[in-house]
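One structure below.
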Amino acid sequence: MLKILIAGAGPAGARLARHLASAGHAVVLADQISSPATNAFSSAALSQSEAEVLRIPRQCWSSVWSGWQVIDPRGLEYQWWATDSLGVVLDFAQFRALLWQEAERSGVELLKGCRVQLKRLRSEGADVWIHQRHGHRQERRVDLLVDATGSRRALLRQAGIPVDSSRDPLLTGHGVEWILQADPKSSARWRDRLSFLLGSRWIRHGYGWVFPMDGYRLKVGVCRLPPPSSKASDLSGLQRDLQRLLICFDLNRCPVLDRHGGVVSSTVRRLENLGGGSLIAIGDAASTANLLGGEGIRYAIKSADLLASLLQDQQGSAKSWQKLRRSYRHTLHSELGRRWGWSGRLAQRTWFGLKSERADLRMSRLIEGLSKRADAADLSSLFFDYRFERYGLRLLPYVF
Ligand SMILES: Cc1cc2nc3c(=O)[nH]c(=O)nc-3n(C[C@H](O)[C@H](O)[C@H](O)COP(=O)(O)OP(=O)(O)OC[C@H]3O[C@@H](n4cnc5c(N)ncnc54)[C@H](O)[C@@H]3O)c2cc1C
7 MLKILIAGAG PAGARLARHL ASAGHAVVLA DQISSPATNA FSSAALSQSE
57 AEVLRIPRQC WSSVWSGWQV IDPRGLEYQW WATDSLGVVL DFAQFRALLW
107 QEAERSGVEL LKGCRVQLKR LRSEGADVWI HQRHGHRQER RVDLLVDATG
157 SRRALLRQAG IPVDSSRDPL LTGHGVEWIL QADPKSSARW RDRLSFLLGS
207 RWIRHGYGWV FPMDGYRLKV GVCRLPPPSS KASDLSGLQR DLQRLLICFD
257 LNRCPVLDRH GGVVSSTVRR LENLGGGSLI AIGDAASTAN LLGGEGIRYA
307 IKSADLLASL LQDQQGSAKS WQKLRRSYRH TLHSELGRRW GWSGRLAQRT
357 WFGLKSERAD LRMSRLIEGL SKRADAADLS SLFFDYRFER YGLRLLPYVF
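Each residue of the sequence shown is one higher than the last, beginning at 7 in our numbering.
Following this line, the structure appears as structure tokens:
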């Protein structure tokens with residue numbers, strides 16, 4: 007039985023904790039937030055097949071959707087509809103709550119409102135500080151430490167493990183989202199579909215979205231992935247962009263139920279080390295997120311499932327952690343595949359460049375092309391499975 011501490015109880019950390027506790031390990035799962043509803047930042051849209059493969063319980067599905075809607079830089083609206091459901095939008099707070107409950111039921115010691123800080127990393131174990139509220143802290147010694155702190159990569163950074171390099175820099179997208187209480191009339195234009203606003207007229211270096219939830223609620227958000235040299239990522243600017251969209255689409259009178267935001271970040275080539283000594287990273291901390299659609303729940307969960315299966319039969323020696331990291335890295339790359347890598351390049355090309363009339367024109371042509379050549383299921387396979395080559399003539403120049 008290993009003593010394992012997982013820092014971060016998002017989808018990756020909570021899922022891994024449950025697996026490892028069920029396998030008989032002594033698992034501590036700590037998160038700095040004290041309630042699953044605190045900053046429930048994720049829009050949490052998933053494809054139907056992924057929601058089923060990952061066995062995400064229906065009680066977390068806030069809505070199902072069967073269409074795509076894109077509003078192009080000129081304000082033209084395009085729609086693609088399927089007869090069956092194409093995906094779900096999760097209630098992220100409820101999803102996190104369920105993951106926490108499942109972890110506790112499997113025997114995980116869940117520490118809420120506790121920030122983890124690395125004290126000492128050794129090849130065969132680690133010492134950490136667990137900071138509680140009111141300045142209290144306790145020390146723990148563990149065999150394996152997992153960084154599941156998302157885009158913060160808190161423990162990797164504290165251990166001095168580079169999270170990127172000049173060959174493969176970390177790209178960062180900032181997003182803000184509000185949950186609005188709409189009514190049958192004001193939500194009609196947005197129900198049953200995922201809607202995206204594309205073009206620098208709406209958001210420079212990014213995009214806006216409106217996703218439906220149950221009870222006529224809407225998630226409305228904006229996200230920006232500017233080139234590193236740009237100053238376009240300040241949060242107050244994003245809030246202003248969001249308010250502008252609400253006015254444009256007549257949603258500014260809807261009561262705001264929640265305001266939240268977060269960061270999605272990843273390297274594109276994913277060359278970085280996924281840990282060192284007895285530390286290993288999963289989820290967004292391991293650059294699993296897809297920057298094209300700001301989407302990462304399924305990859306975070308997959309990385310947790312993968313690490314859990316590789317951890318079976320580990321002895322906990324320095325040599326075995328190193329070997330484990332090597333096979334984890336290798337399997338992660340081969341399971342998520344080449345297309346997962348392509349999407350990062352496509353994201354960089356698309357969002358960095360979306361800042362001028364020329365870029366808007368290219369985007370409008372791309373959307374028009376898709377409206378002629380693709381149906382709703384094709385769009386899902388394009389955005390969730392990265393089947394770019396079917397639209398090669400227009401899309402591949404973005405990728406390469
Ligand atoms: C605005 C926005 C919209 C998104 N929309 C979608 C979407 O529609 N679909 C989708 O699939 N993905 C989406 N994502 C991405 C998705 O939410 C993430 O990829 C996913 O949450 C990653 O899971 P994770 O467990 O790796 O990290 P996180 O969910 O980020 O969890 C990390 C946890 O670590 C905790 N933590 C951080 N530092 C410490 C510390 N030192 N000690 C203890 N705890 C710590 C944090 O409080 C947090 O709870 C979106 C992201 C953003 C920002």
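For glycine and all other residues, C-beta sits at the position ideal for the given N, C-alpha and C.
*asked:* Is it buried or exposed, T294, if we count other Cβ atoms within 10 angstroms and call 16 or more buried?
replied: The residue you call residue 294 lines up with position 288 of the sequence shown. T294 should be labelled buried.
*Under the assumption that L200 contacts W346 (Cβ atoms under 8 Å), give the Cβ distance between them as a whole number of angstroms.*
As a working mapping, residue 200 is identified with position 194 in the sequence shown. As a working mapping, residue 346 is identified with position 340 in the sequence shown. With a Cβ gap of about 20 Å, L200 and W346 do not count as contacting.
*What are the boundary residues of the beta strand (DSSP E) that D137 is part of?*
Here residue 137 refers to the residue found at position 131 of the sequence shown. A small fix is needed here, since residue 137 is His in this sequence, not Asp. Taken as a continuous stretch (DSSP letters only), the beta strand (DSSP E) holding H137 covers 131 to 137.
*Among residues of its own chain, excluding the 5 on either side of K361, which ones have a beta-carbon nearer than 7 Å to its beta-carbon?*
Position 355 of the sequence shown, counting from 1, holds the residue named residue 361. Only S206, R210, H211 meet the Cβ criterion.
_Test item: CB-CB of Y222 and L280 under 8 Å_ = On the sequence shown, residue 222 is found 216 positions in, with the first residue counted as 1. On the sequence shown, residue 280 is found 274 positions in, with the first residue counted as 1. No; because the gap between Cβ atoms is not below 8 Å, this pair is not in contact.
*Grab me the residues of P42's own chain with a C-beta within less than 6 Å of its C-beta, minus the 5 sequence neighbours each way, in chain order.*
If you number the sequence shown from 1, residue 42 lands on position 36. The answer, listed in chain order, is A99, R102, A103, W106.
*DSSP state of D391 mapped onto helix, strand, coil*: Counting from one through the sequence shown, the residue named residue 391 turns up at place 385. Helix.
_Three-state secondary structure assigned by DSSP to F358_ = The sequence position of residue 358 within the sequence shown is 352, counting from 1. Helix, per DSSP.
*Taking 7 Å as the cut-off, does the CB of E115 come closer than this to any heavy atom belonging to ligand 1?*
Taking the sequence shown and counting its residues from 1, one reaches residue 115 at position 109. Outside the cutoff, so no.
_Is the separation between the beta-carbon of L177 and that of L124 shorter than 8 Å?_
Indexing the sequence shown from 1 puts residue 177 at position 171. Indexing the sequence shown from 1 puts residue 124 at position 118. No, they are not a contact pair.
*Check T337 in the structure and name its three-state DSSP category.*
Within the sequence shown, the letter at position 331 stands for residue 337. Reduced to three states, the DSSP call for T337 is helix.
*Counting only runs that start and end within the region 111 to 197, where is the beta strand (DSSP E) found for 3 or more residues in a row?*
115 to 118, 121 to 128, 131 to 137, 143 to 148, 150 to 153, 176 to 187
*Helix, strand or coil for I286 per DSSP?*
As a position in the sequence shown, residue 286 is number 280, starting the count at 1. Note: I286 maps to strand in three-state DSSP.
*V269: beta carbon under 7 Å from a heavy atom of ligand 2?*
No copy of ligand 2 appears in this structure; the ligands present are ligand 1.
*asked:* Mapping the DSSP letters down to three states, classify Q85 as helix, strand or coil.
replied: Sequence index remark: in the sequence shown, residue 85 carries index 79 (1-based). In the structure shown, Q85 sits in a strand (DSSP, three-state: E or B).
*asked:* With H, G and I counted as helix, E and B as strand and the rest as coil, what does DSSP make of S271?
replied: Position 265 of the sequence shown, counted from the first residue, corresponds to residue 271. DSSP places S271 in strand when its eight states are reduced to three.
_Sequence-distant residues of its chain with Cβ nearer than 7 Å to D220 (five each side left out)_ = Counting from one through the sequence shown, the residue named residue 220 turns up at place 214. These residues qualify, in order along the chain: S68, S69.
*Note down, in chain order, each residue of its chain lying with its Cβ closer than 7 Å to the Cβ of R265, except the 5 sequence neighbours on either side.*
Working through the sequence shown from its first residue, we reach residue 265 at position 259. Here the set comprises W184.
*asked:* Buried or exposed for S48, going by 16 or more other Cβ atoms inside 10 Å?
replied: Indexing the sequence shown from 1 puts residue 48 at position 42. Result: buried.
*So, using beta-carbon positions, are G289 and G93 closer together than 8 Å?*
Within the sequence shown, numbered from 1, the residue matching residue 289 stands at position 283. Within the sequence shown, numbered from 1, the residue matching residue 93 stands at position 87. Not closer than 8 Å, so no.
*asked:* Could you tell me the alpha carbon to alpha carbon distance between Y392 and H339, rounded to whole angstroms?
replied: What you label residue 392 is simply residue 386 of the sequence shown in a count that begins at 1. What you label residue 339 is simply residue 333 of the sequence shown in a count that begins at 1. Distance between the alpha carbons of Y392 and H339 is about 15 Å.
*Would you mind stating whether G179 and V269 have Cβ atoms separated by less than 8 Å?*
The count along the sequence shown starts at 1 and reaches residue 179 at position 173. The count along the sequence shown starts at 1 and reaches residue 269 at position 263. Cβ distance < 8 Å, so G179 and V269 count as in contact.
_Alpha-carbon spacing of C229 relative to W357, whole angstroms_ = Against the sequence shown, residue 229 aligns to sequence position 223. Against the sequence shown, residue 357 aligns to sequence position 351. Those two C-alpha atoms are separated by around 10 Å.
*Count the C-beta pairs between the region 110 to 123 and the region 84 to 93 that are closer than 8 Å, then say yes if the count reaches three, no if not.*
no
*Is it the case that the CB of V122 approaches a heavy atom of ligand 1 more closely than 7 Å?*
In the sequence shown, residue 122 corresponds to position 116, counting from 1. The answer is yes for V122.
*List the residues that DSSP assigns as beta-bridge partners of W74.*
As a first step, residue 74 is located in the sequence shown; it is residue number 68 there, counting from the start. Looking at the DSSP assignment, W74 forms a beta bridge with W86, L200.
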